[in-house]
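*Asks:*
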């Protein structure tokens, strides 16, 4: 069986699995990293949103064999590591996670790791363009929340952006 | 005829309730302190037992009274345990599915125990068959039913801790102060709950203790906005759902399903080839399809797609939306006769509500480890006792051999009243002789999962001058499945039901106990007819009310127009409930009712009354081309609700922050029901297989401006929150849309006639995962 090597949450891992198995299952079923959730398996619901080399992506749509050994995957579990220690909040978390806690965004919580990972990428992108998050930016987020936490998600992203 | 109950008479409603605040609980024997209360203790307002002619049944005795009363014959204990680390723990016999009951329960315990909320650990109890009807999560009833017993158990624990502390500190109980988990004596010496946990433990056999609960004036936790106890776990990826559980050898498992709804497998043509596929360990034909078990879910998807199966068609093969609607129309009863007054005029409405899906994010899933001598199940279950009974039947085991664990679920919306996944997982594990972690594909969950039945709702009202003489409403729909055990509750409770209600069938009972027309409209009649039991249906958040309220409130707007009255002023004039009047006025003021709006935009206002609470919603909608013409890939844009003002008087609000969250969620549900979300039945199957097919509210649909107002209440007891936001919002959006476009919509969602996606294949039944994810980073 082929060996797959990549970096996840700062640690280089090697897994024996076929090239075409999507990364989501390698993370969840083989490595036990369950923060990225399954919601559709076809890159629609975005519940598995994680980061690859700092950008948002959906591991349900990436065959593990297409990753290089230096590709860095960050899941919700490793998100605090994307910022320097002094940027982390009262709970030792990424500023966006801290905003999420303060705004009590979560209901069932299933989509929320993906929501937070998407939010961080959105804010990074907007900041790189040298501007503030707008309603139009928030309208582009495709991550679905069946509990309908959208109102607090929008508040928390603006709050998190101010902290980042 | 049953006599009215009076909880103030000791021994009448429960032998353990002394008066409204004094109750009897127990200190049980244990290693550390275990305090208990009877789960049947209740402090709800007494429900009248006789129905005068004018008010409707739900006004006097509603579904929550029935759910609360159904628990009374059982005598079973819930226990608060004090641990040596100073924390308190409690096993809640209900399911947390996102509605926030673990948080509100922790608050109730923290309040009576004088312990910080974050030192109370609330977990979910496994199926406890001895609780009979008292382990059902539904009807937004959890807080209503458990408010008193949980506080009594906590108060008993506090009393036992104070007794033990008095001995340790050499003081009297009256001289002690408990705060933050520490008890301090008059001389300043102190001892922690943790240090007392063992000393306060009871002896075998236990003893009864009478406690007095705190008065509302003493509350410092109840009523204080509090963040969720599980939020930290959720935002760090540590909150475990069923498919996150690490049960030894429970490998990923999925099911290949028939191309028609509820079709069944006849034979598998290529079992050997599929068994040889990478990662695959087992292939087994079961009653619902062909199951595959593999090292990863990705390999399950590959195997499901590769299976060649001969199928027997399901019971709705060949049927479509149009054929089912014809059957529903054929089942409609004639509307009751309206008053025969020569000068009276009739105002009417006839509405169609299409099938909708209550599929949550976390699809039907379950872990099952079935062995010859017993079985263990893990799943998100709102009726775990019935699940346990049915699984035992399926496996040919006695009920005590089946352990059913309740796992926190990723949403429910009614879906988890049923245990379809758990039952299927048990059957598969038995067939394979191996533990399985079953997960339904999103396509399965949308197509084969539970639906809110299609139906029609007709309304006729008689107007004479400035009065409404009569208001008739008739709902006809595909059957709503209540076979998860609510039926058993009703059977048990039937003798206690007011005259005339007990004779109705169970769907009729739920309908009668939840529906009312909250206006002074003369002679009011509401009827339900159900037909066609071939679909997988169930209670979807707020059951019948969203459709019934939409039909009512649209006709109310027509009545207002007939009388040349403003919709808000009309609702005020015909209002007969002071609490409803207050929430109506609140949204009208805060939401600026009547402010000038550009053409193509409008406000809509509506009310609802259920779950011991009342609500009102005022929305603004934009139906102008620049808005409806917005282009978003693989999406429905259409009209946008731009502003929502929602007011609720829920009675005593245990956690106002959680209540606000539930209303925000209900608002998005109401918007989806009005504008975008439905299932399309074509040729014997539902077409939807993705969140880009079933158009629940997304960020581009959600209102940028949402304000929820929790109105201070005179009520001393809590009402239900989880479902209370849907009906008034749905109705307000429908009314706003009618006013903005000048045309009253007659079907919901309004976009149902337009299929906004390319349906995915039925053979194979689930789509393959894409491979281009690295090209789509952002």
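Chains as they are written, first to last, in my numbering: chain A, 1 to 164; chain B, 1001 to 1778. From the three backbone atoms N, C-alpha and C, an ideal C-beta is built for every residue, glycine too.
#1: The alpha helix (DSSP H) spanning residue 1144/B covers which residue range?
#2: Return no unless some Cβ of chain A is closer than 7 Å to the Cβ of residue 1556/B.
#3: Taking residue 1405/B as the reference, which of 1092/B, 1037/B and 1033/B has the closest Cα?
#4: Taking three-plus beta-carbon pairs below 8 Å as touching, is the stretch 1114–1126 of chain B in contact with the stretch 1177–1188 of chain B?
#5: Is the CB-CB distance between residue 1202/B and residue 1085/B below 7 Å?
#6: What does residue 1507/B reach in chain A if we use C-beta pairs closer than 7 Å?
#7: So, is the C-beta of residue 1774/B closer than 7 Å to a C-beta in chain A?
#8: Check each candidate in 1653/B, 1563/B, 1172/B and 1546/B and name the one with the smallest Cα separation from residue 1606/B.
#9: Tell me whether the stretch 1742–1760 of chain B and the stretch 1676–1683 of chain B touch, counting them as touching only if at least three CB pairs, one residue from each stretch, are closer than 8 Å.
#10: To the nearest angstrom, how far is the alpha carbon of residue 1311/B from that of residue 1266/B?
#11: Just grab the DSSP bridge partners of residue 1028/B for me.
#12: With a threshold of 7 Å between beta carbons, is residue 1223/B in contact with chain A?
#13: Mind checking residue 69/A: buried by the 16 CB within 10 Å criterion, or exposed?
#14: Quick check: what's the CA-CA separation for residue 1610/B versus residue 1653/B?
#15: Kindly list the residues whose CB is nearer than 8 Å to the CB of residue 1440/B, restricted to its own chain and excluding five residues on each side of it in sequence; keep chain order.
#16: Is the shortest distance between the beta-carbon of residue 1771/B and the beta-carbons of chain E less than 7 Å?
#17: Quick one: what's residue 220/A bridged to in DSSP?
#18: My guess is that residue 1615/B and residue 1667/B are in contact by the Cβ rule of under 8 Å, so how many angstroms apart are they, rounded?
#19: Answer with yes or no whether the minimum CB distance from residue 1743/B to chain A is below 7 Å.
#20: Please state the DSSP three-state secondary structure of residue 108/A.
#21: Could you tell me which uninterrupted beta strand (DSSP E) segments, each at least 3 residues in length, are contained entirely in the stretch 1506–1547 of chain B, listed from first to last along the chain?
#22: Return the residue from the list 1264/B, 1268/B, 1340/B and 1339/B that minimises the CA-CA distance to residue 1316/B.
#23: Would you mind sorting residue 1541/B into buried or exposed? The rule is 16 or more other CB atoms within 10 Å of its CB.
#24: Could you please give the first and the last residue of the uninterrupted alpha helix (DSSP H) stretch that includes residue 1327/B?
#25: Give the C-beta separation of residue 116/A and residue 97/A to the nearest angstrom, bearing in mind that I take them to be a contact with Cβ-Cβ under 8 Å.
#26: Alpha helix (DSSP H) containing residue 1612/B: first to last residue?
#27: Let me see if you follow: with CB-CB separation under 7 Å, is residue 1539/B close to chain A or not?
#28: For residue 1575/B, tell me which candidate among 1601/B, 1344/B and 1522/B has the shortest Cα-Cα distance.
#29: Please classify residue 1445/B as buried or exposed, where buried requires at least 16 other C-beta atoms within 10 Å of its C-beta.
#30: Is there a Cβ of chain B sitting closer than 7 Å to that of residue 63/A, yes or no?
#31: Within the 7 Å Cβ cut-off, does residue 57/A reach chain B?
#32: According to DSSP, is residue 1774/B part of a helix, a strand, or is it coil?
#33: Taking 7 Å as the CB-CB cut-off, is residue 1296/B touching chain A?
#34: Could you tell me the alpha carbon to alpha carbon distance between residue 1224/B and residue 163/A, rounded to whole angstroms?
#35: Within the same chain, show all residues whose beta-carbon is closer than 7 Å to that of residue 1186/B, passing over the 5 residues directly before and after it, in chain order.
#36: In chain order, what residues of the same chain lie with their CB nearer than 8 Å to the CB of residue 1517/B, ignoring the 5 residues before and after it?
*Replies:* Considering the structure as presented:
#1: Position 144 of the second chain, counting from 1, holds the residue named residue 1144/B. From DSSP, the alpha helix (DSSP H) with residue 1144/B extends over 1142–1169.
#2: As a position in the second chain, residue 1556/B is number 556, starting the count at 1. With 7 Å as the cut-off, residue 1556/B does not count as an interface residue toward chain A.
#3: Here residue 1405/B refers to the residue found at position 405 when the second chain is read from its first residue. Ranking 1092/B, 1037/B and 1033/B by Cα distance to residue 1405/B puts 1092/B first.
#4: yes
#5: Against the second chain, residue 1202/B aligns to sequence position 202. Against the second chain, residue 1085/B aligns to sequence position 85. Cβ distance not < 7 Å, so residue 1202/B and residue 1085/B don't count as in contact.
#6: Taking the second chain and counting its residues from 1, one reaches residue 1507/B at position 507. Here the premise fails: no neighbours, minimum Cβ distance about 26 Å.
#7: Residue 1774/B sits at position 774 when you count from the first residue of the second chain. True, the Cβ-Cβ gap to chain A drops below 7 Å.
#8: In the second chain, the residue the question calls residue 1606/B occupies position 606. Nearest option by C-alpha distance: 1546/B.
#9: yes
#10: For the purposes of this step, residue 1311/B is taken as the residue at position 311 of the second chain. For the purposes of this step, residue 1266/B is taken as the residue at position 266 of the second chain. Cα-Cα distance, rounded: 5 Å.
#11: Looking up residue 1028/B in the second chain gives position 28. Paired residue(s): 1034/B.
#12: For the purposes of this step, residue 1223/B is taken as the residue at position 223 of the second chain. Not closer than 7 Å to any Cβ of chain A, the Cβ of residue 1223/B fails to qualify, so no.
#13: One-based indexing of the first chain puts residue 69/A at position 69. The C-beta of residue 69/A has fewer than 16 other C-beta atoms within 10 Å across all chains shown, which makes the residue exposed.
#14: Your numbering for residue 1610/B matches position 610 in the second chain. Your numbering for residue 1653/B matches position 653 in the second chain. Whole-angstrom Cα-Cα distance: 15 Å.
#15: Your numbering for residue 1440/B matches position 440 in the second chain. Answer for residue 1440/B: 1254, 1255, 1363, 1364, 1365, 1421, 1448 and 1449, listed in chain order.
#16: Going by chain labels, chain E is absent from the structure shown, which instead holds the protein chains A and B.
#17: Residue 220/A is absent from the model: chain A starts at 1 and stops at 164.
#18: Residue mapping note: residue 1615/B aligns to position 615 of the second chain, counting from 1. Residue mapping note: residue 1667/B aligns to position 667 of the second chain, counting from 1. Contact flag wrong, Cβ pair sits at about 11 Å.
#19: The count along the second chain starts at 1 and reaches residue 1743/B at position 743. Chain A, which has no Cβ nearer than 7 Å to the Cβ of residue 1743/B, makes this no.
#20: The sequence position of residue 108/A within the first chain is 108, counting from 1. Residue 108/A: coil per DSSP, three-state reduction.
#21: 1523–1531
#22: As a working note, residue 1316/B is residue 316 in the second chain. Residue 1264/B is the option with its Cα nearest to residue 1316/B.
#23: Within the second chain, numbered from 1, the residue matching residue 1541/B stands at position 541. By the 10 Å Cβ count, residue 1541/B comes out buried.
#24: Position 327 of the second chain, counted from the start, is the residue given in the question as residue 1327/B. 1321–1331 is the span of the alpha helix (DSSP H), which, as asked, contains residue 1327/B.
#25: Residue mapping note: residue 116/A aligns to position 116 of the first chain, counting from 1. Residue mapping note: residue 97/A aligns to position 97 of the first chain, counting from 1. Contact between residue 116/A and residue 97/A holds: their C-beta atoms lie close to 6 Å from each other, under 8 Å.
#26: Here residue 1612/B is taken as the residue at index 612 of the second chain, counted from 1. Where residue 1612/B is concerned, there is no enclosing alpha helix (DSSP H), given that its DSSP letter is neither H nor E.
#27: Position 539 of the second chain holds residue 1539/B. Residue 1539/B does not count as touching chain A.
#28: Position 575 of the second chain, counting from 1, holds the residue named residue 1575/B. Among 1601/B, 1344/B and 1522/B, the Cα nearest to that of residue 1575/B belongs to 1522/B.
#29: Counting from 1 along the second chain, the entry for residue 1445/B is found at position 445. Residue 1445/B is buried by the Cβ-count criterion.
#30: On the first chain, position 63 is the one that residue 63/A refers to. Yes, residue 63/A lies at the interface with chain B (some Cβ there is under 7 Å from its Cβ).
#31: Sequence index remark: in the first chain, residue 57/A carries index 57 (1-based). Answer yes: the Cβ-Cβ gap between residue 57/A and chain B drops below 7 Å somewhere.
#32: Residue numbering aside, residue 1774/B sits at position 774 when the second chain is read from its first letter. In this structure, residue 1774/B counts as helix in the three-state DSSP scheme.
#33: Walking along the second chain from the start, residue 1296/B turns up at place 296. Yes, its Cβ sits closer than 7 Å to a Cβ of chain A.
#34: Translated into the one-based positions of the second chain, residue 1224/B becomes position 224. Translated into the one-based positions of the first chain, residue 163/A becomes position 163. One C-alpha to the other measures close to 26 Å.
#35: Residue numbering aside, residue 1186/B sits at position 186 when the second chain is read from its first letter. For residue 1186/B, where only same-chain residues beyond five positions count, the Cβ hits under 7 Å are 1171 and 1175.
#36: Locating residue 1517/B in the second chain gives position 517, counting from the first residue. Within the same chain, 1056, 1471, 1473, 1524, 1526 and 1552 come within 8 Å of residue 1517/B by CB-CB distance, once the 5 residues on both sides are set aside.
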